[in-house]
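Working notes, structure below.
The following block contains the structure:
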């Protein structure tokens, strides 16, 4: 299984870009990178996923390095509502379900 | 419905009591998952259904835990003879696709179980 490594916590000022890193050095060629977040007292929320190309949606952008060993989730203009735990997950090809790690706690302050 | 609905939102059980937690997935969603989340930890996988078939129950921590989805829609997670270590938030998720490698899930808000 491709395991991921994320910093335990990060801070960001409101209105600034939040760049959340993730290392997945053992990722294999067909494995995707998924990002979820979990706001306090809620269930996890899907954000974005990608294989090798950069991806963007209404919530965030995902930048994957050319060697695919790391990625960065970018929230372009963080708000207080973006304070949450962010999970970077590489689901195993032979697996059944998402396996969550400890994630990064992002604190956005005014 | 518009989202995944779980009930009750909170449950307090006395040690040794049986509990049943309900999950209403998004209508038409094929896949359904149960997770357990202890305080300060990430969600841990319990079990997976594709329609009414329980295809993976490898995460269930003991034989006191039982899940079912008899008609391929609503699911119930039952815990018999609850113990204090069962105290956690129980999360349900569903996804439209029954195919593997589709990991875009919709989660409910969970049921917080406290065993006293």
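Chains as they are written, first to last, in this note's numbering: chain A, 3 to 112; chain B, 389 to 504.
In this text, a Cβ means the ideal position worked out from N, Cα and C, and glycines have one as well.
A quick note: this is a predicted structure, and the numbers were derived from the prediction, not measured.
Separation of residue j from residue i, as counted between CA atoms
{"i": "residue 403 of chain B", "j": "residue 396 of chain B", "result": "18 angstroms"}
{"i": "residue 430 of chain B", "j": "residue 101 of chain A", "result": "9 angstroms"}
{"i": "residue 426 of chain B", "j": "residue 109 of chain A", "result": "21 angstroms"}
{"i": "residue 534 of chain B", "j": "residue 407 of chain B", "result": "Because chain B here runs from 389 to 504, residue 534 of chain B falls outside it and cannot be looked at."}
{"i": "residue 462 of chain B", "j": "residue 434 of chain B", "result": "17 angstroms"}
{"i": "residue 61 of chain A", "j": "residue 491 of chain B", "result": "17 angstroms"}
{"i": "residue 49 of chain A", "j": "residue 437 of chain B", "result": "23 angstroms"}
{"i": "residue 398 of chain B", "j": "residue 452 of chain B", "result": "20 angstroms"}
{"i": "residue 39 of chain A", "j": "residue 89 of chain A", "result": "6 angstroms"}
{"i": "residue 481 of chain B", "j": "residue 59 of chain A", "result": "22 angstroms"}
{"i": "residue 467 of chain B", "j": "residue 43 of chain A", "result": "22 angstroms"}
{"i": "residue 416 of chain B", "j": "residue 495 of chain B", "result": "15 angstroms"}
{"i": "residue 421 of chain B", "j": "residue 29 of chain A", "result": "24 angstroms"}
{"i": "residue 68 of chain A", "j": "residue 483 of chain B", "result": "30 angstroms"}
{"i": "residue 107 of chain A", "j": "residue 12 of chain A", "result": "6 angstroms"}
{"i": "residue 21 of chain A", "j": "residue 405 of chain B", "result": "46 angstroms"}
{"i": "residue 450 of chain B", "j": "residue 70 of chain A", "result": "38 angstroms"}
{"i": "residue 23 of chain A", "j": "residue 428 of chain B", "result": "21 angstroms"}
For residue i: DSSP bridge partner residues
{"i": "residue 397 of chain B", "result": "Beta-bridge pairing links residue 397 of chain B to no other residue."}
{"i": "residue 477 of chain B", "result": "B/425, B/500"}
{"i": "residue 360 of chain B", "result": "Shown here, chain B extends from 389 to 504; a query on residue 360 of chain B therefore has no answer."}
{"i": "residue 89 of chain A", "result": "A/38"}
{"i": "residue 466 of chain B", "result": "B/408, B/454"}
{"i": "residue 108 of chain A", "result": "A/12, A/86"}
{"i": "residue 7 of chain A", "result": "A/25"}
{"i": "residue 482 of chain B", "result": "B/420, B/494"}
C-beta neighbour in chain B for residue i, strict 8 angstroms
{"i": "residue 100 of chain A", "result": "yes"}
{"i": "residue 93 of chain A", "result": "yes"}
{"i": "residue 52 of chain A", "result": "no"}
{"i": "residue 47 of chain A", "result": "yes"}
{"i": "residue 104 of chain A", "result": "yes"}
{"i": "residue 88 of chain A", "result": "no"}
Residue i at chain A interface by Cβ criterion, 8 angstroms
{"i": "residue 511 of chain B", "result": "One cannot answer for residue 511 of chain B here, as it falls past the ends of chain B, which runs 389 to 504."}
{"i": "residue 449 of chain B", "result": "no"}
{"i": "residue 416 of chain B", "result": "no"}
{"i": "residue 436 of chain B", "result": "yes"}
{"i": "residue 427 of chain B", "result": "no"}
{"i": "residue 496 of chain B", "result": "yes"}
{"i": "residue 431 of chain B", "result": "yes"}
{"i": "residue 479 of chain B", "result": "yes"}
{"i": "residue 492 of chain B", "result": "yes"}
{"i": "residue 501 of chain B", "result": "no"}
{"i": "residue 453 of chain B", "result": "no"}
{"i": "residue 443 of chain B", "result": "yes"}
Residues near residue i in its chain [Cβ-Cβ closer than 7 angstroms; skip 5 each side]
{"i": "residue 440 of chain B", "result": "457, 458, 459, 460"}
{"i": "residue 476 of chain B", "result": "424, 425, 426, 501"}
{"i": "residue 390 of chain B", "result": "none"}
Residues near residue i by beta carbon distance below 6 angstroms, same chain, minus five either side
{"i": "residue 464 of chain B", "result": "408, 410, 456"}
{"i": "residue 445 of chain B", "result": "435"}
{"i": "residue 63 of chain A", "result": "76"}
{"i": "residue 72 of chain A", "result": "25"}
Proximal residues to residue i (C-beta, below 8 angstroms), its chain only, five neighbours per side dropped
{"i": "residue 16 of chain A", "result": "80, 81, 82, 110, 111, 112"}
{"i": "residue 34 of chain A", "result": "51, 52, 53, 92, 93"}
{"i": "residue 1 of chain A", "result": "The displayed coordinates of chain A run from 3 to 112. Any statement about residue 1 of chain A would go beyond what the structure contains."}
Closer than 8 angstroms to chain D by CB, residue i
{"i": "residue 44 of chain A", "result": "The structure shown contains no chain D; the protein chains it does contain are A and B."}
For this session: Can you check the segment 19-71 of chain A for any beta strand (DSSP E) of at least 3 residues that lies completely inside it and give the ranges in chain order?
Result: 20-25, 35-40, 47-52, 63-66
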